């Protein structure tokens, strides 16, 4: 048989239903949905929960020591492995004499460092004070009149919901200052979680300071765990192997059930090698469309609402899992084809 003849024979078998292509495709879609897609959904859940930790303050750590924080060291943590932002904070001693609001004044802090990276702040202009979103609801984002007759422009806002985090900055304004001098606390957001970077938090303390306290900004999330560790420990990680094994079994069974027909073809002169190639083509004809459909649906479902890096990881993960199952289905069918031999025709015919 020539290559064209092998191809045409495979297509005739697919079109006539001999290969059980529809049954094979539906079965493979179910296998992929129960394994690869389920694992991808578990990964999506991990990503979503980790984003909640990040946005909810679980990745922000605060070390406090009144007049015991080296501002420059604190600010210098920004840019280290996993450190999304760091800032040094100190409260203005007479806060009620700074902003001209006699009955409803925010707490005022001087801040040095990266407010945007540490608090996920939203800048609106290069200079000015930062207000919590609760303060914006009270004062708006217009320039704030100062007690000395001047005004303080609003550089931006930062989210600070009542979600379990400490309430220190819930009603606060942050005035940027240079990092020189001493501060009361150092805030560091570490994402993704890195234990080595977290250990460096102690280095911001001035010599002789022994009464520092450390806490998560939002302790309700518990101890931080890296996304990579959660991915490695997820219980659904074995589903990819199960899916590949099931796909291989499917490919093997669909060929094995045709053993009488195939051994008869060999008896009538079809070369075994050519027949095996034909069977691989037939398997690919139902496996590839099933895989493409499953991949398209799972990518759309699992990447909705994810960040670009998360979506990229999911697409690669889904592609790898589905690709492994497709390869397994073809390997399974080829393994079954290798077991088809002419000399067993009589025995198989007798056992039908």
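In this note's numbering, the protein residues as written are 159 to 510.
All C-beta atoms in this analysis are idealised placements derived from N, C-alpha and C, irrespective of residue type, glycine included.
Quick caveat: nothing in here was measured; it's all calculated off a predicted structure.
Extent of the continuous alpha helix (DSSP H) to which residue 181 belongs = 179 to 192
Limits of the unbroken beta strand (DSSP E) element including residue 496 = Note, residue 496: premise wrong, no beta strand (DSSP E); alpha helix (DSSP H) at 466 to 496.
What is the DSSP secondary structure of residue 365, counted as helix, strand or coil?
-> coil
Considering only residues of the region 185 to 248, which uninterrupted beta strand (DSSP E) runs meet the minimum length of 3 residues and lie entirely inside it, listed in chain order?
-> 218 to 228
Cβ neighbours of residue 211 in the same chain (closer than 8 Å, five flanking residues each side left out) = Cβ-Cβ distances below 8 Å link residue 211 to 217, 379, 382 in the same chain, with the five nearest sequence neighbours on each side left out; the list follows chain order.
Residues near residue 488 in its chain [Cβ-Cβ closer than 7 Å; skip 5 each side] = Only 409, 438, 441, 442, 445 meet the Cβ criterion.
Expressed to the nearest angstrom, what Euclidean distance is found between the alpha-carbon atoms of residue 177 and residue 436?
-> 11 Å
Can you say whether residue 376 is buried or exposed, counting buried as having 16 or more other CB atoms within 10 angstroms of its CB?
-> buried
Unbroken stretches of the alpha helix (DSSP H), 4 residues or longer, contained in the region 269 to 308 = 273 to 277, 291 to 297
Please name the residue, chosen from 493, 227, 273, 415, that lies closest to residue 362 on a Cα-to-Cα basis.
-> 227
So who's on the other strand from residue 373, going by DSSP bridges?
-> 220
For residue 277, I'd like the list of residues in its chain whose CB is within less than 7 Å of its CB, leaving aside the five on either flank, ordered along the chain.
-> The answer, listed in chain order, is 316.
Measuring CB to CB, does residue 329 end up less than 8 Å from residue 399?
-> no
Assuming residue 310 contacts residue 286 under a Cβ cut-off of 8 Å, what Cβ separation, rounded to an integer in Å, is found between them?
-> 6 Å
Excluding sequence positions up to five away, which residues of its chain have a Cβ less than 8 Å from the Cβ of residue 284?
-> 313
According to DSSP, which residues form a beta bridge with residue 315?
-> 280, 289
Contact check, residue 117 vs residue 346 under 8 Å by CB: the rounded distance?
-> There is no way to answer for residue 117, as the model of the chain reaches only from 159 to 510.
Cα separation between residue 486 and residue 401?
-> Their Cα atoms are separated by approximately 9 Å.
Quick one: grab the DSSP three-state call for residue 358.
-> helix
The beta strand (DSSP E) with residue 330 in it runs from where to where?
-> 330 to 334
Looking at residue 191 and residue 452, is the spacing between their C-beta atoms short of 8 Å?
-> yes
Look at the alpha carbon of residue 342 and the alpha carbon of residue 369, and state the distance between them as a whole number of angstroms.
-> 12 Å
Let me know the secondary structure DSSP gives residue 327 once reduced to three states.
-> coil
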